[in-house]
Amino acid sequence: MKVIRTHDLSKTYNHLVVPVKALVNVNLEISEGEFTAIVGPSGSGKTTLLNMLGGLDQPTSGKIFIDDTEITGMKESRLIDFRLRNIGFVFQSYNLIPVLTAIENVSFIMLLQNYPKDKMEKRARELLEQVGLADKADVRPQKLSGGQQQRVAVARALASNPRFVLADEPTANLDTQSAFNLLDIMLRLNREENITLLFSTHDQRVIDRARRVITLVDGSIVEDQHFEK
Amino acid sequence: MKTIIVISWRNVWRNKPRSLTILLAIAVGLWGGIFATSISAGMMKQRFTSSIETQVSHLQVHNPKFLKDDNIRYGILRADQIERVLAQDSSVKAFSSRTMVNGMIATATLTKGVRILGINPVQEAATTRLSTTVISGTYLTAGGRNPVLIGKKLADKLRLKPGSRIILTFTDVEGEIVSASFRVQGIIRTTHSMLDETQVYVRQRDLQTLTGDESIINEIAVLMHNIDQVNPAVEALRKQFPESEIRFWGQISPDLLYMNEMAGATMMVLLVIIMLALAFGLLNTMMMTVFERTRELGMLMDVGMNKVKVFSMILLETTFLTITGALAGGILSGITIYITSHTGIDFSGVGGNTLSDYGISAVVYPELFPGFAENIVLLVLLTSVLSALYPAMKALKLRPSEAIR
Ligand SMILES: Nc1ncnc2c1ncn2[C@@H]1O[C@H](COP(=O)(O)OP(=O)(O)O)[C@@H](O)[C@H]1O
Ligand SMILES: [Mg+2]
């Protein structure tokens with residue numbers, strides 16, 4: 268089953284003196300349970316692609332389907348709600364709400380989803396446990412290391428029970444140990460919970476572990492490799 | 018919603034120095050505004066009470082012709098019956114019937130125009146504060162021949178002391194000129210220095226005898242126990258004595274009525290201006306907050322926080338900030354007003370004479386205008402909403418993808 272499908276996806280930034288073609292006719296399918304890395308040099312269009320797939324920005328032309336629902340052209344307010352119910356996000360930084368503790372950050376998404384209150388706390392704790400941060404539940408983000416913050420972000424992304432998780436360079440700001448640690452957690456979630464994960468990176472250590480690697484150059488897919496691991 | 022409230026409240030305290038600054042500004046601004054208006058309210062109340070108790074009373078009875086012509090000849094018809102009705106009415110605290118004539122006061126060297134009020138000393142003392150304003154000599158008594166009370170200013174101009182002799186000259190009810198010798202019994206000083214220069218008080222009996230009509234009464238001033246009793250009393254008297262003109266205090270002194278109605282509104286304008294200034298400070302603070310948190314607000318919308326919630330969050334943050342400041346200002350005001358309303362504030366050092374010229378005593382007891390507190394609460398809420406609107410809208414305009422970058 269295809270979770271994501273794109274059809275001739277293009278994005279041109281026109282508001283500059285010279286229009287920038289950030290994405291050119293991208294056709295892409297992501298199946299349920301895939302663990303995919305989008306790689307490519309800086310400026311190749313990774314962030315732009317993820318933003319389009321996550322419904323954070325509209326393409327200039329082309330279509331995006333999430334489970335057969337077309338999100339291109341969707342109204343902003345509907346799109347926000349669609350994101351809330353279907354997509355988990357892990358950004359490079361500024362992931363968490365600084366005034367909320369780790370567990371409150373995780374519960375926050377469930378609150379937005381009107382998740383039953385009585386089960387919320389239990390689930391938030393389970394998620395923190397899965398990312399190895401059960402003991403940091405009541406700590407605010409600024410007291411956590413960068414790696415720990417990203418792990419809370421992963422737990423937060425999973426809290427909404429999304430169809431897939433998008434992560435834009437989640438390890439970019441992390442030291443090697445933390446990067447591996449985060450990657451291990453993501454891999455395990457993929458393997459054990461069948462979470463569909465799509466992330467961008469230009470970090471070779473991360474690329475080596477992905478099961479599918481899509482390479483972007485100048486906004487076009489130049490390579491799409493599947494590895495059996 | 019509860020989480021939004023929690024987040025908003027905690028957000029308020031993220032930048033403590035900044036929040037405290039605006040909070041303090043709101044508290045002090047509000048305190049200044051409320052306290053200033055309370056002083057003004059205290060003055061108004063004092064002036065009102067003073068006007069009622071020294072000149073106007075709650076209602077007055079006249080012959081309508083007297084009001085037009087101001088001639089002693091126009092006495093109140095059936096005055097004795099009116100007095101009887103008033104004496105029997107339990108809502109009437111006191112009343113004073115007066116005989117009034119314009120004339121001249123003369124010493125050996127100087128002459129001045131004055132208004133001569135013939136009063137019943139006992140009735141007058143119960144109705145107005147006249148008896149308490151004597152600063153030298155004594156108040157009018159039953160004994161002695163032709164005593165007169167004169168104001169301090171007039172006494173100074175004519176160089177009079179208690180015991181001095183003066184001549185009062187006026188026309189009687191027939192239009193004949195009458196002169197009589199009076200002896201200064203007391204010097205008075207009221208809060209109304211203009212009247213202290215132009216009005217003298219003699220015994221009604223003496224004046225009536227001199228004018229040739231032993232029963233002529235030109236004015237009856239009535240003081241009720243309670244201001245709410247004024248209207249019913251006016252209605253009843255009008256029905257019973259249609260030939261007389263019965264006026265309540267607001268008709269006798271329209272500026273008193275105007276002052277009463279306008280003062281609160283004027284003070285509200287002052288507060289609105291203060292709050293407007295604070296609104297700009299608040300707006301500025303919230304704009305800084307929103308811009309500083311561009312990425313965070315973008316992230317919230319990225320992960321699925323809808324616009325209503327983001328908007329509410331900014332609105333709540335502003336409201337919390339405002340309410341906390343307003344609460345502090347309110348408590349400060351409450352304490353200040355509570356204390357000063359008991360001790361009073363003495364303004365005699367800063368122009369006590371000017372104040373007394375307008376019928377205001379120099380010691381002021383601040384108080385809240387009636388209904389003011391509710392209006393302030395409303396004003397504060399309005400201010401916070403108004404200053405939150407623009408920053409909240411700005412927050413919504415953040416493009417998610419730009420926020421991430
Ligand atoms: N908001 C934008 N406005 C203008 N140009 C942009 C914008 N976002 C990205 N770009 C341009 O689009 C191209 C792709 O950028 P991006 O998707 O951020 O690449 P990557 O994430 O792979 O580094 C770059 O040339 C970049 O300068
Ligand atoms: Mg990027």
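Quick mapping for you: the protein sequence lines, in order, are chains A and B.
Using my numbering, read the first sequence as starting at 268 and increasing by one per residue.
Using my numbering, read the second sequence as starting at 18 and increasing by one per residue.
Don't be surprised by glycine CBs; every beta carbon is placed ideally from N, CA and C.
By the neighbour-count criterion, in which a residue is buried when 16 or more other Cβ atoms sit within 10 angstroms of its Cβ, residue 350 (chain A) is buried.
Setting aside the 5 residues that flank it on each side, residue 373 (chain A) is surrounded in the same chain by 391, 394, 395, 419, 422, 423, 426, each with a C-beta closer than 8 Å to its C-beta; the list follows chain order.
The beta-carbon distance between residue 135 (chain B) and residue 121 (chain B), rounded to whole angstroms, is 16 Å. This is too long to meet the 8 Å contact definition.
DSSP, reduced to helix, strand and coil, places residue 443 (chain A) within a helical segment of the structure shown. In the structure shown, residue 104 (chain B) falls within a helical segment according to DSSP collapsed to helix, strand and coil. A direct Cα-to-Cα measurement between residue 356 (chain B) and residue 52 (chain B) gives close to 12 Å. Chain-ordered, the residues whose CB falls short of 5 Å from any heavy atom of ligand 1 come out as A:280, A:287, A:289, A:309, A:310, A:311, A:312, A:313, A:314, A:315. Closest in C-alpha terms to residue 68 (chain B), from the list B:283, B:352, B:391, B:208, comes B:208.
A direct Cα-Cα distance of roughly 7 Å separates residue 260 (chain B) from residue 80 (chain B).
With respect to chain B, the C-beta atom of residue 316 (chain A) has no partner C-beta closer than 9 Å. Going by DSSP, residue 332 (chain A) is part of the beta strand (DSSP E) stretching over 328 to 333. The beta carbon of residue 152 (chain B) lies closer than 7 Å to those of 169, 204, 205, 206 in the same chain, with the five residues before and after it left out. Look at residue 398 (chain B) here: in three-state DSSP terms it is helix.
A straight-line Cα-Cα distance of about 17 Å links residue 23 (chain B) and residue 381 (chain A). Distance from the CA atom of residue 403 (chain A) to the CA atom of residue 369 (chain A), rounded to whole angstroms, is 7 Å. Between residue 304 (chain A) and residue 466 (chain A), the beta carbon gap of about 6 Å places them in contact (Cβ cut-off 8 Å).
Residue environment: residue 400 (chain B) is assigned as buried (16 or more neighbouring CB atoms within 10 Å of its CB, all protein chains considered). Under the three-state reduction of DSSP, residue 325 (chain A) is assigned to coil, being neither helix nor strand.
Cβ contact annotation for residue 128 (chain B) (same chain, cutoff 6 Å, sequence separation greater than five): 121, in chain order. Residue B:381 holds the alpha-carbon nearest to the alpha-carbon of residue 62 (chain B) among B:395, B:392, B:381, B:389. For the stretch 343 to 423 of chain A, the full-length beta strand (DSSP E) segments reaching 3 residues or more read 354 to 357 along the chain.
For a Cβ distance threshold of 7 Å, nothing in chain A lies close to residue 334 (chain B): the least Cβ distance comes to about 11 Å. Checking the 8 Å criterion, the Cβ of residue 467 (chain A) is within range of a heavy atom belonging to ligand 2. Under the three-state reduction of DSSP, residue 135 (chain B) is assigned to strand. Taking the C-beta atoms as reference points, residue 110 (chain B) is found nearer than 9 Å to residue 240 (chain B).
For residue 189 (chain B), the three-state secondary structure derived from DSSP is coil. Three or more Cβ pairs closer than 8 Å define a contact, and the stretch 301 to 315 of chain B meets that threshold against the stretch 30 to 44 of chain B. Contact between residue 278 (chain A) and residue 315 (chain A) holds: their C-beta atoms lie close to 5 Å from each other, under 8 Å. Residues of chain B whose Cβ lies closer than 8 Å to the Cβ of residue 344 (chain A) are, in chain order, 323, 324. Proximity of residue 366 (chain A) to chain B, defined by a Cβ-Cβ separation below 9 Å, is satisfied. Counting only residues of its own chain and dropping the five nearest sequence neighbours on each side, residue 413 (chain B) has a CB closer than 7 Å to the CB of 324, 327, 328. Taking a Cβ-Cβ cut-off of 7 Å, the neighbours of residue 27 (chain B) in chain A comprise 366, given in sequence order. Cβ-Cβ separation between residue 233 (chain B) and residue 89 (chain B): approximately 7 Å, consistent with a contact (criterion under 8 Å). Annotation: residue 299 (chain B) to residue 449 (chain A) spans about 42 Å, alpha carbon to alpha carbon. Spatial neighbours of residue 94 (chain B) in its own chain (CB-CB distance under 7 Å, excluding positions within 5 residues in sequence) are listed in chain order as 80, 260, 261. In the three-state reduction of the DSSP assignment, residue 320 (chain B) falls in the coil class.
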